[in-house]
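The sequence shown: position 450 = 586 (the working numbering), numbered continuously.
Report on the following structure.
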Amino acid sequence: MSNRVLIKRGLSSNLNNAGVVAGELKYATDTNKLYIGTGTENIEIGGGGGSSRVIEVEYEDELPELSETLLGRIYYVRNTHKYYYVRGINGEYNFSAYYCKPNSQLETNISYEYQYVTPEDKVYKLNIDSTGYDFIKEATQDPGAKGRFADGTYIICTSSRKLFIADSTTESGYRELTNLTYSYYTRMNGSNAVAGNYFFCNSYNQIYYINSVSWNEFSEVIRVESRPNAEKRYAGKYYFVPNYIYYIYATTPEVLSWEQLKTDVDLRNLKTEIEYLLSGRLEVVEYSYQQPEACEEALGKLYMWKQYGEYKICVPGDTVVATIASVTQEESSGSTGSDDGGLDVLMPIGGNYKQYMEGTYANIPQAGYGCNCYYATDQNKYYISMSTSGGYMTYYWEEVEMKTQSYKPTTDQTKGYYKVVSGNTTTIYQVVTYYHWVDLADDQHPFVSCQKVSGQWGYDSFYFNRLQLEYTEKDLSSMETGYIYGVIEDA
Numbered sequence: 137m138s139n140r141v142l143i144k145r146g147l148s149s150n151l152n153n154a155g156v157v158a159g160e161l162k163y164a165t166d167t168n169k170l171y172i173g174t175g176t177e178n179i180e181i182g183g184g185g186g187s188s189r190v191i192e193v194e195y196e197d198e199l200p201e202l203s204e205t206l207l208g209r210i211y212y213v214r215n216t217h218k219y220y221y222v223r224g225i226n227g228e229y230n231f232s233a234y235y236c237k238p239n240s241q242l243e244t245n246i247s248y249e250y251q252y253v254t255p256e257d258k259v260y261k262l263n264i265d266s267t268g269y270d271f272i273k274e275a276t277q278d279p280g281a282k283g284r285f286a287d288g289t290y291i292i293c294t295s296s297r298k299l300f301i302a303d304s305t306t307e308s309g310y311r312e313l314t315n316l317t318y319s320y321y322t323r324m325n326g327s328n329a330v331a332g333n334y335f336f337c338n339s340y341n342q343i344y345y346i347n348s349v350s351w352n353e354f355s356e357v358i359r360v361e362s363r364p365n366a367e368k369r370y371a372g373k374y375y376f377v378p379n380y381i382y383y384i385y386a387t388t389p390e391v392l393s394w395e396q397l398k399t400d401v402d403l404r405n406l407k408t409e410i411e412y413l414l415s416g417r418l419e420v421v422e423y424s425y426q427q428p429e430a431c432e433e434a435l436g437k438l439y440m441w442k443q444y445g446e447y448k449i450c451v452p453g454d455t456v457v458a459t460i461a462s463v464t465q466e467e468s469s470g471s472t473g474s475d476d477g478g479l480d481v482l483m484p485i486g487g488n489y490k491q492y493m494e495g496t497y498a499n500i501p502q503a504g505y506g507c508n509c510y511y512a513t514d515q516n517k518y519y520i521s522m523s524t525s526g527g528y529m530t531y532y533w534e535e536v537e538m539k540t541q542s543y544k545p546t547t548d549q550t551k552g553y554y555k556v557v558s559g560n561t562t563t564i565y566q567v568v569t570y571y572h573w574v575d576l577a578d579d580q581h582p583f584v585s586c587q588k589v590s591g592q593w594g595y596d597s598f599y600f601n602r603l604q605l606e607y608t609e610k611d612l613s614s615m616e617t618g619y620i621y622g623v624i625e626d627a
């Protein structure tokens, strides 16, 4: 089976914005030059005029010794007909989380390093400019006799919680520095740092003089809906997920390694082989960081993350009837009484856990705390408890359209929410189809159905590599618009 070739295209001036993913091809439409990513840069290949940077050796053991100077170079081994490049591997990554306190206005006297000012929709970071000095700790009221310490030595006396500096020009041999903030447990922060003061904490190995304290807008943070994975492509950046700041960092540095470019295409003569792939008519949707929702609207489109070479299509799964909430009302009462603040709600038998509740919108409970569906009687509107997942879970209410009927819905009914009242039991159902993503670049899905095309073909050809598939032949004239069809080549 042939290799699948995926290519980015655009102006050569935008080449640096297209990413440097190893093995990913870029075609410059204004210069007709072809480039390949190595992980650190894009290198021109097969560009004509002898400008190719592919270096040839006879055998693999003739590859140079690993060095950072080799980054961005491609080596072709004539004996095995393979391409190699140098990249960093086996790096390990983790993340740090910092609480970002939400405030209605900027507060300068708080103990947190970050704060989010909601009316401004801005994140601020505490900046303390300080100078550290070595010191000697004495468990006494004062430093003692004159001459014990060299001039300029800082002495902290823990019994009196005073700071002195040795000065032989004074009568006692010491000067007390009264501008001291002494903290036994709490480290320096926005609530105890004072510009112009010295700061001491028992956990510090230096005494610090605070030059300035300020809160500045933190423009380096990237706003996201969930914490990114701890991996190389996110490392060295800050991410804001209300109400936390995440920083991804390397715990183990990468090591250099020779890696094979996973292609059997002759890079030196690739240009003429791929030109026919550059006239695709398939709708392409570009995204970055956040993977789009797999849903019905995503069908028939190719989703692409340009920077990291992800190519995905959405496929439907099963349609099911899911139970969202169910509650049985006690026959003796339709009200919770004083325990629930006088709300007029349906009360379940056997406890206060109410999956379905009714009442005014002002009394809607907090999302994610037991109630899955709420009917606001004063608005005649229904709300479903939703959540966003990731490093930080967030719950919220979403207004939905509710259909009312006397029987449980079936999977062939219109997708949506249904309210069924049977006796004194109310049940909320959802008819829903689940969708999922297929990554054309990485995933191996043995159950993807494919069709072999017969007839004139004028669209992009998609080559599925490493997929063992059965396919049936389908005539081009019978194909429907809005769907992705693949051309399967025999080996």
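Just so it is clear, CB atoms sit at the ideal spot from N, CA and C, and this is done for glycine as well.
Backbone secondary structure at Q541 - three-state DSSP:
Taking the first residue of the sequence shown as 1, we reach residue 541 at position 405. In the structure shown, Q541 sits in a strand (DSSP, three-state: E or B).
Report the option in V157, Y260, C507, K544 whose CA atom is closest to the CA atom of Y531.
Residue 531 sits at position 395 when you count from the first residue of the sequence shown. Comparing Cα-Cα distances from Y531 to each of V157, Y260, C507, K544, the minimum goes to C507.
Can you pull the DSSP bridge partners for Y518?
Here the question's residue 518 lines up with position 382 in the sequence shown. Y518 is bridged to Y511, V536.
If contacts are defined as beta-carbon pairs under 8 angstroms, then V213 and V193 qualify, I think. What distance do you get, rounded to the angstrom?
Position 77 of the sequence shown, counted from the start, is the residue given in the question as residue 213. Position 57 of the sequence shown, counted from the start, is the residue given in the question as residue 193. That belief holds up - the Cβ atoms of V213 and V193 are roughly 6 angstroms apart, short of 8 angstroms.
Following the continuous beta strand (DSSP E) through K273, name the residue where it begins and the one where it ends.
In the sequence shown, residue 273 corresponds to position 137, counting from 1. Unbroken beta strand (DSSP E) run through K273: 271-274.
Go to E395, then tell me how far its beta strand (DSSP E) extends in each direction, as first and last residue.
On the sequence shown, position 259 is the one that residue 395 refers to. From DSSP, the beta strand (DSSP E) with E395 extends over 391-396.
Opposing strand residues paired with R311 [DSSP bridges]:
Locating residue 311 in the sequence shown gives position 175, counting from the first residue. Bridge partners of R311: I301.
Anyone know if the C-beta pair for K675 and V420 falls short of 9 angstroms?
Here the chain comprises residues numbered 137 to 627, so residue 675 is not present and cannot be evaluated.
Measuring alpha carbon to alpha carbon, tell me which of Y344, Y221, L262 ends up nearest S355.
Walking along the sequence shown from the start, residue 355 turns up at place 219. Among Y344, Y221, L262, the Cα nearest to that of S355 is on L262.
Just to confirm before moving on: does the CB-CB distance between V463 and T561 stay below 9 angstroms?
Taking the sequence shown and counting its residues from 1, the one referred to as residue 463 is at position 327. Taking the sequence shown and counting its residues from 1, the one referred to as residue 561 is at position 425. Yes; because the gap between Cβ atoms is below 9 angstroms, this pair is in contact.
Can you give the Cα-Cα distance for G159 and I179, rounded to whole angstroms?
To locate residue 159, count along the sequence shown from 1; it is residue 23. To locate residue 179, count along the sequence shown from 1; it is residue 43. Those two C-alpha atoms are separated by around 10 angstroms.
Mind reading off the beta-carbon distance from I500 to A512? Whole number of angstroms is fine, and I expect it under 8 angstroms.
In the sequence shown, counting from the first residue as 1, residue 500 sits at position 364. In the sequence shown, counting from the first residue as 1, residue 512 sits at position 376. Confirmed, Cβ separation roughly 7 angstroms.
Quick one: measure Cβ to Cβ for V222 and L392, integer angstroms, because I've assumed they're closer than 8 angstroms.
Within the sequence shown, the letter at position 86 stands for residue 222. Within the sequence shown, the letter at position 256 stands for residue 392. Correct: roughly 6 angstroms between the Cβ atoms.
DSSP state of Q566, grouped into three classes?
Counting from one through the sequence shown, the residue named residue 566 turns up at place 430. Three-state DSSP puts Q566 in a strand.
Can you tell me whether Q515 is buried or exposed? The criterion is at least 16 other CB atoms within 10 Å of its CB, across all chains shown.
Locating residue 515 in the sequence shown gives position 379, counting from the first residue. Flag for Q515 reads exposed.
With H, G and I counted as helix, E and B as strand and the rest as coil, what does DSSP make of N230?
In the sequence shown, the residue the question calls residue 230 occupies position 94. Looking at N230 - three-state DSSP - the assignment turns out to be strand.
Tell me whether Y543 is buried or exposed, calling it buried when 16 or more other Cβ atoms sit within 10 Å of its Cβ.
Looking up residue 543 in the sequence shown gives position 407. Its Cβ having fewer than 16 others within 10 Å, Y543 is exposed.
In whole angstroms, what is the alpha-carbon distance linking D596 and I143?
Taking the first residue of the sequence shown as position 1, residue 596 is located at position 460. Taking the first residue of the sequence shown as position 1, residue 143 is located at position 7. Bear in mind that the predicted position of D596 carries a pLDDT of just 39, short of 50, making it unreliable; the figure below should be weighed with that in mind. Roughly 11 angstroms between the two C-alpha positions.
Chain-order list of residues whose beta-carbon lies under 8 angstroms from that of A331 (same chain, five-residue window excluded)
Start at 1 with the first residue of the sequence shown, and residue 331 comes out as number 195. Taken in chain order, the residues that qualify are I346, N347, S348, V349.
Span of the beta strand (DSSP E) around V349:
In the sequence shown, the residue the question calls residue 349 occupies position 213. Segment 343-353, the beta strand (DSSP E) holding V349.
Per DSSP, C431 forms a beta bridge with which residues?
What you label residue 431 is simply residue 295 of the sequence shown in a count that begins at 1. The partner list for C431 (beta bridge, DSSP) is empty, contrary to what the question assumes.
Measuring straight from C-alpha to C-alpha, what distance separates Q465 and K258?
As a first step, residue 465 is located in the sequence shown; it is residue number 329 there, counting from the start. As a first step, residue 258 is located in the sequence shown; it is residue number 122 there, counting from the start. In a straight line, the C-alpha of Q465 is about 46 angstroms away from that of K258.
How is T205 classed by DSSP in three states: helix, strand or coil?
As a working mapping, residue 205 is identified with position 69 in the sequence shown. T205: helix per DSSP, three-state reduction.
Contacting residues, own chain, Cβ-Cβ under 7 angstroms from R297 (five flanking each side not counted):
In the sequence shown, residue 297 corresponds to position 161, counting from 1. Counting only Cβ-Cβ distances below 7 angstroms, and skipping sequence neighbours, we find Y318.
Per DSSP, what kind of secondary structure is L603 in: helix, strand or coil?
On the sequence shown, position 467 is the one that residue 603 refers to. Its pLDDT being 37, under 50, L603 is placed unreliably in this model, and the coordinates cannot settle the point.
Take the Cβ of Y553 as the centre, count every other Cβ of all protein chains shown within 10 Å, and call the residue buried at 16 or more, exposed below.
Here residue 553 refers to the residue found at position 417 when the sequence shown is read from its first residue. Buried, because 16 or more other Cβ atoms sit within 10 Å of the Cβ of Y553.
Please state whether DSSP places L151 in a helix, a strand or coil.
The sequence position of residue 151 within the sequence shown is 15, counting from 1. Note: L151 maps to helix in three-state DSSP.
Do K551 and T459 have their CB atoms nearer than 9 angstroms?
Position 415 of the sequence shown, counted from the first residue, corresponds to residue 551. Position 323 of the sequence shown, counted from the first residue, corresponds to residue 459. For K551 and T459, no; Cβs fall outside 9 angstroms.
Need the endpoints of the beta strand (DSSP E) that T455 sits in, please.
The residue you call residue 455 lines up with position 319 of the sequence shown. From DSSP, the beta strand (DSSP E) with T455 extends over 446-464.
Tell me the DSSP secondary structure of D278 in three-state form.
As a position in the sequence shown, residue 278 is number 142, starting the count at 1. Coil at D278, not helix or strand.
For P378: DSSP bridge partner residues:
Position 242 of the sequence shown, counted from the first residue, corresponds to residue 378. P378 pairs with nothing; no bridge assigned.
Kindly identify the DSSP beta-bridge partner or partners of M440.
Residue 440 sits at position 304 when you count from the first residue of the sequence shown. Per DSSP, E422, Y447.
Would you check if the distance between the CB atom of I291 and the CB atom of I264 is smaller than 9 angstroms?
Counting from one through the sequence shown, the residue named residue 291 turns up at place 155. Counting from one through the sequence shown, the residue named residue 264 turns up at place 128. No. Outside cutoff.
Under a Cβ-count criterion, where at least 16 other Cβ atoms within 10 Å of its own Cβ denotes burial, should Q427 be classed as buried or exposed?
On the sequence shown, residue 427 is found 291 positions in, with the first residue counted as 1. Result: exposed.
Excluding five sequence neighbours on each side, which residues of the same chain lie with their C-beta closer than 7 angstroms to the C-beta of N328?
The count along the sequence shown starts at 1 and reaches residue 328 at position 192. Around N328: T317, S319, T322.
Buried versus exposed, by CB contacts within 10 Å (16 or more), G288:
Against the sequence shown, residue 288 aligns to sequence position 152. Classification for G288: exposed.
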